[in-house]
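In what follows, a structure is listed as structure tokens, so that the remarks can point back to it.
Numbering (full-length UniProt numbering), first residue to last: 1 to 114.
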């Protein structure tokens with residue numbers, strides 16, 4: 001396995017992790033939407049109010065502060081993924097350029113004389 005294959009394997013792993021992370025973000029956003037609906041329904045629906053009370057017990061400091069902390073971590077993770085991708089692309093590009101700059105040795109052809 002050469003360096004290019006290693007970089008490709010790491011990039012594939014990063015892309016897999018990024019897709020898993022994206023799925024988790026979709027779930028998180030869906031949960032945010034459900035919480036918003038519960039808040040809207042809580043004035044008339046005792047079940048919605050009970051669910052919100054359970055959420056408040058689970059997050060005594062408040063959902064908003066936890067949500068902000070998660071979103072700041074998400075922004076940092078997205079930036080780190082972009083930097084890693086760009087770094088690997090740059091490394092791959094420099095490997096291609098360096099291999100083009102290195103002259104290939106000429107091979108001598110031996111002829112068979114009969």
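We put the beta carbon where it would ideally sit given N, CA and C, even for glycine. Just so you know, these numbers come straight off a predicted model, no measurement behind them.
Own chain, CB closer than 8 Å to residue i, minus 5 neighbours either side, in chain order
i	result
residue 11	85 and 88
residue 41	48
residue 36	none
residue 77	21
residue 63	35, 55 and 56
residue 13	none
Cβ shell of residue i (< 6 Å), same chain only, five flanking positions each side left out
i	result
residue 51	38
Contact set for residue i: own chain, Cβ-Cβ below 7 Å, skip 5 residues either direction
i	result
residue 69	none
residue 66	59
residue 147	For the chain, the structure presents residues 1 to 114; residue 147 sits outside this window and is missing.
residue 74	25
Beta-carbon separation (whole angstroms), residue i vs residue j, contact threshold 8 Å
i	j	result
residue 7	residue 92	6 Å
Alpha helix (DSSP H) runs contained entirely in the stretch 24-107, provided each spans 4 or more residues: Qualifying alpha helix (DSSP H) stretches, in chain order: 46-58 and 63-101.
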